[in-house]
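A.B. asks:
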Amino acid sequence: MRFKPVRNRIPIYIGSHRDRMLEYSGEAGDGALPLLYPPDFARYAVGIIRGGAKKAGRDPAEIAGCVWISVSEDRQDAITEGLKELVAYFGPLQGEFVGIIGPNGAGKSTFAEALFGLVDVFEGKVIFNGEDITRLRTELRVKMGMGYVPQLDSVFQDLSVLENLEMGGVSLDSKTRNALTNTILSVFPELKPKLSDKAKVLSGGERQMLAVGRALMTKPKLLVLDEPSAGLSTVMCERLFKGLSEINEMGVTLLIVEQNIKRIENVVHRVAVFVQGKKVFEGRSSEIDPD
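Using the UniProt record's numbering, the letters of the sequence shown correspond one by one to residues 1 to 291.
1. If we ignore side chains and look at the alpha-carbon of each, how far apart do residue 134 and residue 109 end up?
2. Applying the criterion that 16 or more other CB atoms from any shown protein chain within 10 Å of the CB defines a buried residue, is residue 157 buried or exposed?
3. Check this for me: beta carbons of residue 171 and residue 211, under 8 Å apart or not?
4. Counting C-beta neighbours from all protein chains within 10 Å, is the total for residue 280 16 or more, i.e. buried, or is it exposed?
5. Can you find at least 3 beta carbon pairs, one from the region 219-237 and one from the region 134-152, that sit closer than 8 Å?
6. Mind checking residue 103: buried by the 16 CB within 10 Å criterion, or exposed?
7. Between 98, 105, 92 and 96, which has its C-alpha nearest residue 275's C-alpha?
8. Quick check on the burial criterion: 16 or more other C-beta atoms within 10 angstroms. Buried or exposed for residue 96?
9. For the beta strand (DSSP E) containing residue 217, name the first residue and the last one.
10. Taking contact to mean 3 or more Cβ pairs, one atom from each stretch, closer than 8 Å, check whether the region 157-166 and the region 180-197 are in contact.
11. Threshold first: 4 residues or longer. Then list the alpha helix (DSSP H) segments lying entirely within the region 149-205, N to C.
12. Is residue 271 closer than 8 Å to residue 142 when the C-beta atoms are compared?
13. To the nearest angstrom, report how far apart residue 188 and residue 117 are at their CA atoms.
14. Using the three-state DSSP reduction, which class does residue 145 fall into: helix, strand or coil?
15. What is the DSSP secondary structure of residue 138, counted as helix, strand or coil?
16. Exposed or buried, which one is residue 285 when buried takes at least 16 other CB atoms within 10 Å?
17. Just to confirm, are residue 101 and residue 249 a CB contact at a threshold of 8 Å?
18. When you compare each of 252, 267, 262 and 264 to residue 379 by their alpha carbons, which one comes out closest?
19. What is the C-beta distance between residue 243 and residue 209, in whole angstroms, given that I count them as a contact (C-beta under 8 Å)?
20. Starting from residue 274, follow its DSSP beta bridges and name the residues at the other end.
21. Just confirm the distance between the C-beta atoms of residue 223 and residue 185, as a whole number of angstroms; I'd bet it's less than 8 Å.
22. Do we get a CB-CB distance below 8 Å when we pair residue 160 with the residues of chain C?
23. Looking at the structure shown, is residue 24 part of a helix, part of a strand, or coil, going by DSSP?
24. Would you give the residue range spanned by the alpha helix (DSSP H) that residue 113 belongs to?
25. Relative to the C-alpha of residue 261, which residue among 246, 282 and 278 is closest?
26. If you follow the alpha helix (DSSP H) that residue 224 is part of, which residue opens it and which one closes it?
Take a look at the structure:
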């Protein structure tokens, strides 16, 4: 087993269909940030990240990857569903909104987790904004400008909407934190009358908006979202993606993982299709046959 165990982390919530742990990262007093960490079982990952092609008027965010994963035979769980290998070079250019689609077990979420440092990289390199972050801890990737919204319900249920947002911006000065909060409420005005409500009384769509908003409080250059529409109604999906498009127009690069191309075809600039651990297509969503 080559998996590195968690150290100096305080668990605050456990439970999901993926058996992952939501923890409060960091040592006491260092401006800890909430993140997800994979469970302690034999899992290996290799990420080789290389820059995307140049595009007129844009510099590449240098995020794309080749990921390989192996799980012990007694732990073929919902994370991999039998996936043994993922090989896919893909990533957004600065300012883009790109998507990854594919069936369950294709490696979509694993790819996203590798970018954010939720699986250990033992070979190759992960490059972000021109810097090698292969060995960088997840919370330091956040400080560099990378954000992540997991599929599971990741808000703090017993905290209010405002407290959740403030937790995301815990390292910011009050002026910046207030300005960001107002920006988020302009994107998701549904949250404004519920600032004092606890997150657990929100609808599923409102909680997902809150999760996105909290991630934005870290001022990310790149925001990775893992199936944010899971379990949401068509109307709420449209509302969520409208907000994400507004966020992208503000200059935040977005990478979204989804199963259904129809949900993102009108908002993403490019899309990659993963099937059984392989990237089988990359291009415009209009070029994909939804059937």
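Even glycine gets a Cβ: it sits at the ideal position worked out from N, Cα and C.
C.D. replies: Taking the structure as given:
1. 18 Å
2. exposed
3. no
4. exposed
5. yes
6. exposed
7. 105
8. buried
9. Residue 217 -> no beta strand (DSSP E), and no H or E assigned at all.
10. yes
11. 161-168 and 174-187
12. no
13. 28 Å
14. coil
15. helix
16. buried
17. no
18. As displayed, the chain neither begins before 1 nor continues past 291, which places residue 379 out of reach and without an answer.
19. 7 Å
20. 279
21. Wrong, their Cβ atoms sit about 17 Å apart, outside the cutoff.
22. The displayed structure is made up of one protein chain only, and chain C is not part of it.
23. Caution applies to residue 24, whose pLDDT of 30 falls short of 50 and renders its modelled position unreliable; the model cannot decide the point.
24. 108-116
25. 282
26. It is not in any alpha helix (DSSP H) - residue 224 instead sits in the beta strand (DSSP E) that spans 222-226.
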